[in-house]
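Colleague: Chains R, X, W and P, in that order, give the protein sequences.
Under the numbering used here, residue 574 is the last one in the first sequence; the count climbs by one each step, no gaps.
Under the numbering used here, residue 734 is the last one in the second sequence; the count climbs by one each step, no gaps.
Under the numbering used here, residue 1793 is the last one in the third sequence; the count climbs by one each step, no gaps.
Under the numbering used here, residue 322 is the last one in the fourth sequence; the count climbs by one each step, no gaps.
No residue lacks a Cβ here, since even glycine has one placed at the ideal position from N, Cα and C.
In this text the structure is predicted, and so the values were computed from the model without any measurement.
The structure that follows is given in the form of structure tokens.
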Amino acid sequence: MAEPILSIEDLRVEFDRSEDKVYAVNGVSFQIDPGQALGIVGESGSGKSVTLMSALGLIRENGKVKSGVVQFEGKNLLKMSSRQLEDIRGREIGVIFQDPMTSLNPVMSIGDQIMETMLTHHYAGHREAFDRTIQLLHEMGIPDPKARFKNYPHEFSGGMRQRIMIAIALACEPQLLIADEPTTALDVTVQMQILALLQSQRERKNMSVAIITHDFGVATNFCDKIVVLYAGQVMEMADTSAFIQNPAHPYTLGLKNSIIEVGQRGRKLEPIPGMAPTLTEPPTSCSFADRCPFVTDRCREELPKLRSVESNHLVACHRAEEVLARAN
Amino acid sequence: MPTNPLVKVENVSKRFRVRGRELHAVSNVSFEIEAGKTFGLVGESGSGKSTLGRLVLRLLDANEGRITFNGKDITNLPNRQLRPLRQEMQIIFQDPQASMSPRMTIGRAIEDAMEIHKIGTKQSRRKRVDELLERVGLPSFVKYAFPHELSGGQLQRIGIARALSLNPKLIVCDEPVSALDVSIQVQVIHLLQELQRDLNLTYIFIAHNLAVVEYLSDEIAVLYLGEVVEQAPAEKLFKNPSHPYTQVLLQSILKIPEDPSSRQKMTHIQGEIPSPFNPPSGCTFHPRCPFATDVCRTQKPVAKHVDDDHKATCHLIG
Amino acid sequence: MAIAVSQTRPVAVKKNRSQFYQSWKRFRKNYFAVGGLVWVAIFFIIGIIGPWIAPYSYTDADFLAMHAPPSAHHIFGTDQVGYDQFTQILYSVRYALEIALGATCVSFIIGIVLGLWAGLAGGIADMLIMRGVDFMFALPSFFFALILSVLLGKGLFPMILAIGVPGWAGYARLIRSLVLSMRNGEMVEAARALGASQTHIAARYMFPNVVGSMVVSLAFGIPADLTAQAGLSIVGMGLNPPMPSFGNMLANASSNILGFPWLLYFPASIFAITLLAFLFVADGLQEAFNPRGGM
Amino acid sequence: MFMLRFFAKRFVAIVFTLAAVIAISYIMMYESPGGFMSTSQVASALAPIAAQNPVLYQKVMEEFQQRYGLNLPLWRQCLQYVWHELTFNFGNSMQNPTQTITSQLKTALPISVILAFSSTALSVVIGIPMGVIAALKRNTWIDYTVTTLSMVGQAIPSFVLAVIFVLIFGVLWQNILPVTGWGTFSDAVLPVISLAAAPIGVVARYMRGSLIETMRQDFIRTAKSKGVKYWPLVLKHGVRNSMTALITVVGPQFAFTVVGTVLVENIFAIPGLGKVIGNAFPNFDFPMAITSVFILGAIMMITNLIVDLFYAWIDPRVKLQ
């Protein structure tokens, strides 16, 4: 197996607040293999974006990476100077964000914003960058790219803006694309268009993709491997098929049961009680214990380690085997 | 056909004027809801579903058409007479924080609803606040909290409690769960379901999530650019989607596959929802419709019966 | 079934959780603002008790001590007529406050009436009032005050009107925009859905949410009116001498300065510090009421 | 074509506003104790001439009767006066009845314009970098110094600062900088500083707040994710966007500066329009007073028009209307 393109080991991130600290990421580890599509799934506050954004130095000032290693092409991103990191962002790793309405600079034409990526990294000269921008816009399915080059973001619809975001992220043909909730703000029909676009681009360029999402439908249909985060920790990590068929963590199981799908009228709902905690202290026991139907005394005392239950299937739960048995 | 519906909406239209341009938010919509049932309104952003919900409650005034609530024509009812009626028809919002005064504690907010209608004494209202909070699954001390101190899910429960405090017959649920996390969504849906069962509530459930609407609703109307394109009982709509737009919507849902090999293909329709300021001619869906013909481009379709209680507004039917 | 809320953030039940208490807590932490408030308070006290502690009457000219430097008799010195500067300042404070408060009230009352009218009535009334606002903003209100003061004369009450009347536009615009943003907001829609009457909505929902902005704009308005009043004196349209005012003292002193710098030391420094104090207070209030927005 | 229509519309609005200002001032002053202009008033203003040169007196008197329509009803007087003003046909003043207002303002106007514009320019040139540095060094001593200085500058009105300068440079350290008169570059130093202090404070504080706010926006994160380097990020994305907010305060700030000019000229005895106003109002020379206000008003409105154009240019979301 080839070296992973990005590997995160024991990452810890804290945020300072006026009166306390929030432990947003508490020892997260996972890898993305070349050409792989990884889904990072979790609810709000689970640390799913913070994990990747902190690796790229894109979190707010009050956030601090406390420990961990983020290996990208054999180098630790966390040890890099901000200048070295700038050379990687946009060139080796492209990023797309959730809200296409606010993620584009409102006073810069979209063409200039796409070109800026290439010019910053000396990826192309002015002339080539312009040609490539037109070509990218065309590839992204934006009609009449030459005329629209000079338009500003507010002159586009949400779906079109997300296409422009993708063009920006892909301008320098990065090896890894990080998409942070790329379709959450969009209508379903447009979501489908954007996902199809991402998929075709990924196949054509043999690019690795990490999709951060709260939507199991997006993750399971798009990704090869899925990581489930809760309270800043990896709860479960598995290939998509194992994930769909044998979820081994009570939280994953609960989440899957929480999703209402078409054709489920009359199904009995079994909500997970309670809500996700905001950790103001580092976790010392299972963070899910309070909401877990499988909870035992051990769960409230001992922090479960991420361990392997099947090949390529890691779970952080003391009672994973029982969960597996029940699901089957 | 229901004989004595709680809500009857007939040929209702609403236009907005925005900087001199006219926007057809809702065009010629009709439906009826029987007491104790849930009527689902689905559509993407800009489809007019929220406007329609507000028209039913007379939070907005319709330009045309008639709205009957509990046998009473409320279309032109003056505010003075409408206000007491509001006890019977309530709304819960997508963003509960925006719908509450940031300067009022939760307890005051719920109490205020009862105070407006002079329900009970001060003591009995206070007691009722505790009961309501318990009913929606919150501890009573949250009544001392301010809205910004609570989470989205908790606030949505408060919104429900406030609506319930008036013992309404009808609740318009305007995207009540779309801003919430998956696990919290189910909690709220579960709560809504229980309340309907226990209190015989009638819901108008507005959402863009088809699965949730299907799950909760007895009858569903699909809206596109302010027009109902298809309307049917939930089972029929999903079993036999007759309007191309409904079909597209259904295909756009990403179901969790059985295993990766049975994944959905990312098939999609071209284009986005056109500007409501200048909607396409003929059938408003024709620019995106895979089956569009010349008729669709020029003539406006009328609603046709697919079945006795299943209607779709498409030239290709029948 | 009741869903357990086991991990609710505990809400501390404190006795005083009213908005004003919260704002006061934030205000208290801002030392500049608190310092400003202390100075403003002293200024107010002097304004009230000034005439009682003044050693002379402001019309008493000490002909034996013209241009006298500060001394035991005249602690702030005297001017070319022999007016005791300390007395002059005590009265200036009083008149400055009377005019500034009066003018701010006048502006605010006109502004709130027109602003509410425009915001609530909409349509033609709104259009006309907003045209009026545009008109007032086309020229600095100081010029309108100057022109009005010609018509009204140079007394205390005319000054209040001359400064106060042209100041309405800012308040009207603020109140209208507050009313509009709320009227179209979800909070008011929710209150309407509950069946609340217009008066109930205005009193329980809108007012508590706008009072902060109004207090802040008033706090900025008072020093602006103090400045306008002094400015009118500079161009000779201020209070009629011998009624003392900061503007008159500054204008007089700056043209009589050579050899008599004390005529400037006291009024200039007291006036400057006062304005600074008012601004610190206003700025502190802005931050206290509206911790996120604003500059 | 679009621009032309925009200009035409704004021009008409400006003319109407100015006409209204003149008419309202005229009527108010007509009703004031001094009266705007009457035969007896003119007669008393012309008294010195009458004694020396009765022929000239007759001539000037007739001119005044004619031009200000002293025998006409109020509304016609007013209309005639408004028309004359709008066509820059200002007539003679009361203080110098034999000279036209135009000739008297010829030297005064450029002085005020120079003062107002140079202090505004200075406020932008100094205020923006101050604000940017404060924002980038947020919560350091640099930031606190800039913020406090800005507050002080903003709190103290230009004329009080001018008085303090007169005290410092007129009494304590004489002969460093002149505190009266006009003519050389050094004469302008103190007035411009007094005038610029407040706008510098406002611009710096606003820029700081606006840049801090901008740097938190999502599109800044996007630019960072593209690998844009620090200074291009701050300047091209941060400052550029903050400017759109800043422009909204420049217009009102210019109005303050114009008023400040009027007052500061009176403190430093600078023969500009402000000094003219300071002489005209207390001496009931209303034609002169109104004309001065009219000219300052016209300059302000045209400046605001230019600011709006600039705003539309810098922020593509703004539509001219």
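(1) Using 8 Å for Cβ pairs, my map puts W/S1743 next to W/S1731. What's the rounded Cβ distance?
(2) Mind pulling the beta strand (DSSP E) runs of 3 or more residues that sit fully within the stretch 512-539 of chain X?
(3) With H, G and I counted as helix, E and B as strand and the rest as coil, what does DSSP make of X/C699?
(4) What are the residues of the stretch 561-592 of chain X that lie near chain R, defined by any Cβ-Cβ distance shorter than 9 Å?
(5) For P/L183, count neighbouring C-beta atoms within 10 Å of its own C-beta (all shown protein chains included) and say buried if the count is 16 or more, exposed if not.
(6) Just the C-alpha distance for R/Y369 and R/K451, rounded to the nearest angstrom, thanks.
(7) Any beta carbon of chain R sitting closer than 8 Å to that of X/S599?
(8) Per the DSSP calculation, X/K424 is bridged to which residue(s)?
(9) Going along chain P, which residues have a C-beta under 7 Å from W/F1633?
(10) Against chain W, does X/M516 count as a neighbour if the rule is that its beta carbon must be under 8 Å from one of theirs?
(11) Does DSSP classify X/E460 as helix, strand or coil?
(12) Check each candidate in P/L19, P/A224 and P/A270 and name the one with the smallest Cα separation from W/F1641.
(13) Once you ignore the five residues that flank W/K1513 on each side, which residues in its own chain have a CB closer than 7 Å to its CB?
(14) Can you say whether W/K1523 is buried or exposed, counting buried as having 16 or more other CB atoms within 10 angstroms of its CB?
(15) Tell me X/K720's beta-bridge partners as DSSP assigns them.
(16) With the cut-off set at 8 Å, would you say P/P192 and P/L116 are in Cβ contact?
(17) Can you list the residues of chain X that R/S533 reaches, using a CB-CB cut of under 7 Å?
(18) Just grab the DSSP bridge partners of R/H559 for me.
(19) How would you call R/R306, buried or exposed, if buried means at least 16 neighbouring beta carbons within 10 angstroms?
(20) Check whether the Cβ atoms of R/S259 and R/K312 sit closer than 8 Å, and answer yes or no.
(21) Can you find at least 3 beta carbon pairs, one from the stretch 203-215 of chain P and one from the stretch 249-268 of chain P, that sit closer than 8 Å?
(22) Short of 8 Å in beta carbon distance, which residues of its chain neighbour P/I177, apart from the five on each side in sequence? Order them along the chain.
(23) Would you mind sorting X/H684 into buried or exposed? The rule is 16 or more other CB atoms within 10 Å of its CB.
(24) So the alpha helix (DSSP H) P/A224 belongs to, where does it begin and stop?
(25) Please give the ranges of any alpha helix (DSSP H) in the stretch 629-664 of chain X, keeping only runs that are unbroken, at least 4 residues long and fully inside the region.
(26) Check the Cβ of P/N267 against every Cβ in chain W and list those closer than 7 Å, keeping chain order.
(27) Report the option in X/G452, X/N479 and X/L501 whose CA atom is closest to the CA atom of X/L473.
(28) Please report the Cβ distance between X/L615 and X/G459, rounded to the nearest whole angstrom; I am assuming they are in contact, meaning their Cβ atoms lie under 8 Å.
(29) Do the CB positions of X/R542 and X/E527 come within less than 8 Å of each other?
(30) Just mark X/Q539 as buried or exposed, buried being the case when its beta carbon has 16 or more other beta carbons within 10 Å.
(31) When the Cα atoms are used, what is the spatial distance from P/A224 to R/I458?
(32) Which residues bound the alpha helix (DSSP H) around R/F318?
(33) Output the distance between the C-alpha atoms of P/V83 and P/A24, rounded to the nearest integer angstrom.
(34) Which of the residues in the stretch 414-442 of chain R, read from start to end, lie with their CB under 8 Å from any CB of chain X?
(35) Hey, how far is the Cα of P/L234 from the Cα of P/R222?
(36) Is there at least one Cβ from chain W nearer than 8 Å to P/E64's Cβ?
Modeller: A quick look at the data gives this:
(1) 6 Å
(2) none
(3) coil
(4) S567, G568, G569 and Q570
(5) Looking at the sequence itself, residue 183 of chain P is Trp, so the reference to Leu does not match. Buried, because 16 or more other Cβ atoms sit within 10 Å of the Cβ of P/W183.
(6) 17 Å
(7) yes
(8) X/E448 and X/T484
(9) T18 and A21
(10) yes
(11) coil
(12) P/L19
(13) Reliability fails at W/K1513, whose pLDDT of 47 lies under 50, so the model's placement of it is uncertain and the value that follows must be treated cautiously. Excluding positions up to five away in sequence, the list is empty.
(14) exposed
(15) X/A728
(16) yes
(17) Residues of chain X passing the Cβ test: none, with the nearest at roughly 14 Å.
(18) R/A484 and R/E556
(19) exposed
(20) Ser is not the amino acid found at residue 259 of chain R; the sequence shown has Val there. The answer is yes: Cβ separation under 8 Å.
(21) yes
(22) F170
(23) buried
(24) D219 to S226
(25) 650-655
(26) I1732 and V1733
(27) X/L501
(28) Not a contact, Cβ separation roughly 28 Å.
(29) yes
(30) exposed
(31) 19 Å
(32) Taken as a continuous stretch (DSSP letters only), R/F318 belongs to no alpha helix (DSSP H), being part of the beta strand (DSSP E) at G309 to F318.
(33) 6 Å
(34) D433, V434, T435, V436, Q437, M438, Q439, L441 and A442
(35) 10 Å
(36) no
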